[in-house]
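In this note's numbering, the protein residues as written are 808 to 1018.
Structure (structure tokens):
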């Protein structure tokens, strides 16, 4: 691996990078924490964690009483000039930093967007459990070209409201859903796996990707 460095960065710096480089051209209002991949002083990648838009998504992992244990790997992008395996290396280090910066987090969910041709290979390479797929959904493109989630600031956006804002509806395909379990040791990991609403042991034993 080239001598890259991973550091926590401000939300503003991360947002600007994502606006310029990620296919969505935007992100949640308050992603935290955000990490940057640096080649010397050059920012060549960003990974954002953020609270999922849906309370049901948060509660789907350990139940509603433990929804605050769950966050989302919200945005990820690195420059194409980086060597093979840089992305998985970056994710692994960001997950370690997340455990340090937010020790209350026990699980990270992430979605690979099939509309963009993403099947989650990178998550499979970094010890994530595959939890199946979501359904297709209607998103919106705003006047700047930014992809907008149908739920904004905790409120579902109707087609009428989107039209009034000048947003254009677009149908997006299914997303592949993945989960990382963050634990301090093997004992805690076993406990979290048992608490999980998904049968993670079965996913592993059936030979489905949990890696």
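Built from N, CA and C at the ideal position, the CB exists for glycine as well.
In the segment 959–1004, which residue ranges form an unbroken alpha helix (DSSP H) of at least 4 residues, counting only runs that do not cross its ends?
966–971 and 993–1002
Alpha carbon to alpha carbon, how far is residue 1030 from residue 862?
This structure leaves residue 1030 out entirely; the chain is present only between 808 and 1018.
Residue from 828, 821, 853 and 826 whose Cα sits closest to the Cα of residue 811
Numbered from its first residue, the chain shown carries residue 811 at position 4. For residue 811, the nearest C-alpha among the options comes from 853.
Measuring CB atoms only, is the segment 981–991 touching the segment 937–946, in the sense that at least three cross pairs come out at less than 8 Å?
Three or more Cβ pairs drawn from the segment 981–991 and the segment 937–946 lie within less than 8 Å of each other, which places the two stretches in contact.
Nearest-angstrom Cα separation, counted from residue 843 out to residue 902
Counting from one through the chain shown, the residue named residue 902 turns up at place 95. Counting from one through the chain shown, the residue named residue 843 turns up at place 36. Spanning the two alpha carbons is a distance of roughly 13 Å.
Does DSSP classify residue 843 as helix, strand or coil?
Taking the first residue of the chain shown as 1, we reach residue 843 at position 36. DSSP places residue 843 in strand when its eight states are reduced to three.
Is there contact between the segment 875–886 and the segment 965–974, where contact requires at least three CB pairs shorter than 8 Å?
no
The beta strand (DSSP E) with residue 917 in it runs from where to where?
Your numbering for residue 917 matches position 110 in the chain shown. Segment 914–920, the beta strand (DSSP E) holding residue 917.
Relative to the alpha-carbon of residue 954, which residue among 961, 922, 936 and 994 has its alpha-carbon at the smallest distance?
In the chain shown, the residue the question calls residue 954 occupies position 147. If we check each option's Cα against that of residue 954, 922 comes out closest.
When DSSP builds the beta bridges, which residues end up paired with residue 1059?
The shown model of the chain, from 808 to 1018, leaves out residue 1059, and the question about it has no answer.
Does residue 1018 pass the burial test, meaning 16 or more other C-beta atoms within 10 Å, or should it be called exposed?
In the chain shown, the residue the question calls residue 1018 occupies position 211. Confidence at residue 1018 is low in this model, with a pLDDT of 35, below 50, so its placement is unreliable and the value that follows should be read with caution. Exposed.
If we ignore side chains and look at the alpha-carbon of each, how far apart do residue 892 and residue 900 end up?
Here residue 892 corresponds to residue number 85 of the chain shown, with the count starting at 1. Here residue 900 corresponds to residue number 93 of the chain shown, with the count starting at 1. Rounded to whole angstroms, residue 892 to residue 900 spans 13 Å at the Cα level.
Note the first and the last residue of the continuous alpha helix (DSSP H) segment covering residue 893.
In the chain shown, residue 893 corresponds to position 86, counting from 1. Segment 893–908, the alpha helix (DSSP H) holding residue 893.
Assign residue 815 to one of three DSSP states: helix, strand, or coil.
Here residue 815 is taken as the residue at index 8 of the chain shown, counted from 1. If DSSP states are grouped into helix, strand and coil, residue 815 belongs with the strands.
Spatial neighbours of residue 826 within its chain, please: CB distance less than 7 Å, with the 5 preceding and 5 following residues excluded, ordered by chain position.
Taking the chain shown and counting its residues from 1, the one referred to as residue 826 is at position 19. So the qualifying residues of the chain are 832 and 833.
Going by beta carbon distance, what residues of the same chain come within less than 6 Å of residue 860, once the five residues before and after it are set aside?
In the chain shown, the residue the question calls residue 860 occupies position 53. Once the five neighbours on either side are set aside, the close Cβ partners of residue 860 are 956 and 958.
Over what stretch of residues does the alpha helix (DSSP H) that includes residue 930 continue unbroken?
Walking along the chain shown from the start, residue 930 turns up at place 123. Per DSSP, residue 930 belongs to the alpha helix (DSSP H) from 928–931.
Member of 961, 949 and 897 whose CA lies at the smallest distance from the CA of residue 971
The residue labelled residue 971 in the question sits at position 164 within the chain shown. Closest option to residue 971, judged by alpha-carbon separation, among 961, 949 and 897: 949.
Is DSSP giving residue 1014 helix, strand or coil here?
For the purposes of this step, residue 1014 is taken as the residue at position 207 of the chain shown. With a pLDDT of 40 at residue 1014, under the threshold of 50, the predicted position of this residue should be treated as unreliable, and no value is reported.
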